[in-house]
Structures are given as structure tokens and as C-alpha cells.
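Protein chains in written order, with this note's numbering: chain Z, 206 to 721; chain C, 2 to 113. Here a beta-carbon is modelled for each residue, glycine too, at the ideal position from N, C-alpha and C. None of these values were measured; they are calculated from a predicted model. Taking it in order: structure first as C-alpha cells, then the write-up.
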């Protein structure tokens, strides 16, 4: 059983099977699309409809309704619009170049690769068409970029190659050289799209609201109006977003490619810490390429999405998959790099130096040699800040604890930890950590920094402990504020409150002898 | 170079010439014209003809009148205009020249 639809074709009423109607409707829409930019397009369409009506009449002598077979036969007789292209469009180009120019004006320009006239993939040629510049100029710019970004250049090219469709059909070739994209075009495009959407909604209306509310009810008009306003807003917002996407995406991309391989590398190398952190096995092409792909593919996607919103440039599914695969590859590259980096830090080592301090005084004044240091380009890790200093590195952030000495000696214990690719290297790294203090009469003055004499920064840390024999008195100067940490005392006083007082080491621990 | 391109390039100018020639002596409606062109294997699909007729009409080389039909919608009967006749005459000459030229060149090849 089949549902029958009634249609009006060239002023005549026909019964037609529903499935056949779908095909016919599609076919006529294709034709409508094909002739929409052509002068007299409506008339051509009407003529064709008339002819189809005639063919219907011939077939309806013996039966009641048009079937799918009839439609298929008739569309075969009438032919596909692409077949007209063969026979007509070339005729136009022969008639005169002006005609083609006219046709071009009707088509708004889209980016394609020009495979007919290409060096590699036609990317530069396509760009030249789009931006209306000489292809030689475009290629020179590209080669310039190639020198700038070095190993990434082929990837940049391949990305464009994947992302841009090639102009295959005559229509696409015309679009490639079509009217320049400007604000007027975009506005026109929005209006066009709006019309298409309105058509669709009207169809929807006809099918549903008419049945429910009647053809011209007040409610239906309201629905119609609302839908129109909403779609209008959406389309407009879409185009605005599209422009924004393209604009900012373009800027981002420009920066990434002009800096990722040249600028960023320079920038990084100018950063004073870089040479202490990276070595060749880490900062290599794998990381650079991975990072560029990883960042630029989403940006390119955003640009393409913007183009789609503004210009309805559609990207073939294969290219989308290609981009996605490239992005996955960039993940892999980054993971490989991350593994390299983590390897550099996989082993930890500790080095403890105990330094005996000999003094005849039984009262010591502890203070720190505070210098206002600029830690602008410091690396910050686990509370330690490290920055280049003279030919080495220096760090701050070490902490001092004061405990009771077990052997009645005055000792300072320096406990350094560091990481490295293996135990050996980690150990070497700890041995490079140095810390100085000065004993002048009864003044014990600590430096406010430690040095790292190895040429690499591998998370060196330093902990200080001062061991005091029982009976010794120390005075904690206010300059120690940032150095002391969690010093146990018999009063359970906070570190900050301990400053500015005399403390005596008793058997039970430090106790204040100047506090009230 | 594709053979189809060359073939359709050869066909394209001739198609207009033939349509004008068909309409030179008598008016006709599209189905008649299609019939003749199909027989001559100049066109494959009917859809090709309608844009052409409209274009020729817009160039004022053809005109049409409506006629009621017993079997279907009203038909457009096309006929040639004054301007179309002049145009056709020129095409006639061009065609003769071309035919001569082709004959001459292909013959020479055979003789060699």
C-alpha cells in the first residue's frame, strides 16, 4: 500500500506516490539550485516542470498515479544538472569571457586548492586565487615562512593540503575565482541563508501547524513570526561568530607559526633558565612538532568552522578525519616528549653534609644576611625558587630547624636532595648544592640563598638543621623570619614570636629566657 | 586532455546553430525540437534544451507563443525572429567555411 500525494505541476493536478514525490521534489530542488544564479532561471524551471507534466500526462493514460519507476525514467530523460554543465557551461565560456565573468559574480569566493595548476598540492595557488594576489608572491611568502619555521613547514603545508578541498567541479572552480568576500557579500549570504531557512520553516508550517491550527489562524502567524525572528537572530549571530572565529583564529595561527619554531625557540632560549633546564634530548623536534600540531589543529578547526558559518565552506569528511588523526599523532608526540622529560627526573638522591662550628662563646647571635634579590625569571618548584646567578644557579626557599645536639657539638647539617636520569646523576646534582654562613665573634650570619654549581636544574632542594649543645644561648634576630621553620620549643611558641628573644637549650629543649 | 571535453566543445556551437535551423522554416515546441536533436544525437538529456531556448529567447533570437494542449499543460511554440534569421545566416556562412576547412585538412591528411 502506498500513500498518494496530490501535486500541482504547471497548473495541472497529479496523483503521485509518496516515495516518488520525494524523489521528484529533490530533483526539482536540485534544478532550482542549479539555475538560481542564472538569468531566466525561473522560466527554465517552469519549462522543465511543464515538460515533466506532459510526460506525466502520457503515462497516466493507463493508470491513476505516478510511480517511482515513472519518476526514475523521467529524471533519466530530463537528465541531471551536471550533465547540462557538460553541454551548456562550456558553451558560455566559448561565447565570451564576459559571460564567465558574469557567472563568477554570482558566486561568492571560497577557498579551494587549485589542482590544475599546482607545484605540490595547489595550496599556494588556491590562496592566491582567494586573496587575489600573484601566485609567485604567495609562494615566496610560503618559502619565507619555511625558512622561519624550519622543520615545521612541511607540516603546515600538509595541514592546509588536508584542510582545503580541491576545486573539482566547474561550479567549484568558479567559486574559487568567484566574487571577492566582503561585508556586502556576507550580508547577502546571510539573507540567502535566511530565505532557505524560511522556506524550510514554511514547509514545516504547511505540514504541521496547518493541520492543527488551520491555514491562516492568528496563532500560526505568531508561530511563523517567532520562528522567523529566532532563526534570523541565530543566523546573524552565527555569521558574527564566524567572522570572530576566523579573525582570532587567524591571528592565533599567525602567531603560533611565526613564533612556534623560530620566535618561541628564541624566546625560550632568551629565558635565562632554559639552558639550565633543557638539554638536547628534551627540547627537540618531537616536542616542537607535537606542540605545534597540538595547538594549531584545534585553531584551524575553529577557523574552518568560522568559514562554514560565514561562507558555508564545507569540509569533506575525509579531511576532518585526517585532521583528527594528525591531532592524535600530536598527542603521541607529546607523550613521547613527556616521557623523555619525566625520565630526566626519575631518580632521586640525597646528600647530607655535617659541618662542625667551633666557637668559645656560649651565646650566639643568629641572623641572616638579607639582600633584596630580584627573582624575576625564577623557576618555582615545591617552595624553592631558582634563578641564574653569575655563572651558576642560586635558590631560595630553604628552611632552618634548631634542635638539641646529641654529642654536645655545635653542628650545621645541610641536607640536599635532587633528581636525575639515574642515581649517579642525581647524586652529582646534590653535590653541587652549596650553602655558606659566616662566624664573626659571637655572630652567626647565614646567607639568604644557596648555590647550585651544576649546570642543570634538577629540582635541587636544601634543608638546614642547626644542632646546639645543651647550655648554649642563642638570640634569634628578626632577619631570620623567612628562614626558620617549625622550631620546637618548651613554650610551644610560633616561629614568628620566637624572633627577638634569647633562647637557652635545656635538656627539655629550647626555652625562652627573655620572654615575660 | 579528455575526449569528452573535445567532443562537447565541438558540439556546443553547433547545438545553437541546429536549433535555429530547425526553427528557420516552421515553429515548433520543445518536444519536437528534442525529438529531432535526439535523433541527430546532438543531445542526450532533455534538460539541456530548456536553458538554451531561454537564453536564445532572451538574446531576442527566438520568440514564443502559448498554445493550449489536449494532452497536458499549455505549450510554448518557438519561432525565429528577424534578428535570429540574420544571426542564422551568418552562422550558415561560418558553418560552410568550417565544413570546407575541415574537409580540406582531413583530406590532405589522407593523401599523405
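Taking the CA atoms as reference points, residue 75 of chain C sits about 6 Å from residue 67 of chain C. In terms of CA proximity to residue 532 of chain Z, Z/500 leads the group Z/549, Z/500, Z/513, Z/562.
The continuous beta strand (DSSP E) containing residue 220 of chain Z extends over residues 217–222. Residues 616, 618 of the same chain have their beta carbon placed closer than 7 Å to that of residue 559 of chain Z, with the five preceding and five following residues left out of the count.
The beta-bridge partner set that DSSP reports for residue 604 of chain Z consists of Z/668. Residues are counted here when their Cβ sits less than 9 Å from a Cβ of chain Z; for the segment 64–83 of chain C these are 70, 72, 73, 74, 75, 76, 77, given in chain order. Two segments are said to touch when three or more pairs of C-beta atoms, one from each, lie closer than 8 Å; by this definition the segment 7–27 of chain C touches the segment 41–55 of chain C. Taking C-alpha positions only, residue 713 of chain Z is separated from residue 679 of chain Z by approximately 16 Å. Identification of chain Z residues near residue 55 of chain C by a Cβ-Cβ cut-off of 8 Å yields 245, 248, 249, 252, ordered along the chain. Note on residue 216 of chain Z: under 16 other CB atoms within 10 angstroms of its CB, so exposed under the neighbour-count rule.
In the structure shown, the three-state DSSP call for residue 87 of chain C is helix.
Restricting attention to Z/280, Z/274, Z/243, the CA atom closest to the CA of residue 253 of chain Z is found in Z/280. Distance from the CA of residue 512 of chain Z to the CA of residue 451 of chain Z, rounded to the nearest whole angstrom, comes to 7 Å. Taking C-alpha positions only, residue 87 of chain C is separated from residue 7 of chain C by approximately 28 Å. Going by C-alpha positions, residue 551 of chain Z is about 32 Å away from residue 651 of chain Z. Bridge partners of residue 371 of chain Z according to DSSP: Z/318. With fewer than 16 other beta carbons inside 10 angstroms of its own, residue 629 of chain Z counts as exposed.
The shortest CA-to-CA distance from residue 706 of chain Z to any of Z/694, Z/681, Z/687 is the one to Z/681. Per DSSP, residue 532 of chain Z lies in no beta strand (DSSP E); the unbroken alpha helix (DSSP H) holding it starts and ends at 522–549.
Taking residue 685 of chain Z as the centre and dropping the five residues before and after it, the same chain places the C-beta of 571, 572, 573, 704 closer than 7 Å to its C-beta, in chain order.
Restricting attention to Z/273, Z/453, Z/243, Z/367, the CA atom closest to the CA of residue 317 of chain Z is found in Z/367. Cβ proximity to chain Z below 7 Å picks out nothing from the segment 88–105 of chain C.
Residue pairing of residue 559 of chain Z in beta bridges, as defined by DSSP: Z/618. The contact set of residue 258 of chain Z on chain C, defined by CB atoms closer than 9 Å, consists of 73, 74 in chain order. A contact between stretches requires three or more CB pairs, one per stretch, nearer than 8 Å, and the segment 15–30 of chain C fails this requirement with the segment 218–227 of chain Z. Under the criterion of beta carbons closer than 8 Å, residue 491 of chain Z and residue 456 of chain Z do not qualify as touching, at roughly 27 Å.
With fewer than 16 neighbouring CB atoms inside 10 Å of its own CB, residue 521 of chain Z falls in the exposed class. Contact check for residue 454 of chain Z against residue 507 of chain Z passes: the beta carbons are separated by less than 9 Å. If you look at residue 17 of chain C, you'll find it in the alpha helix (DSSP H) that goes 4–26. Residue 510 of chain Z and residue 328 of chain Z have their C-alpha atoms roughly 19 Å apart. The beta-carbon distance between residue 710 of chain Z and residue 663 of chain Z, rounded to whole angstroms, is 36 Å. This is too long to meet the 8 Å contact definition. Less than 9 Å divides the Cβ of residue 79 of chain C from the Cβ of residue 54 of chain C. The criterion of a C-beta distance shorter than 9 Å is satisfied by residue 539 of chain Z and residue 495 of chain Z. Annotation: the continuous alpha helix (DSSP H) that includes residue 328 of chain Z extends over 328–336.
Residue 246 of chain Z and residue 238 of chain Z have their C-alpha atoms roughly 9 Å apart. A direct Cα-to-Cα measurement between residue 432 of chain Z and residue 209 of chain Z gives close to 30 Å.
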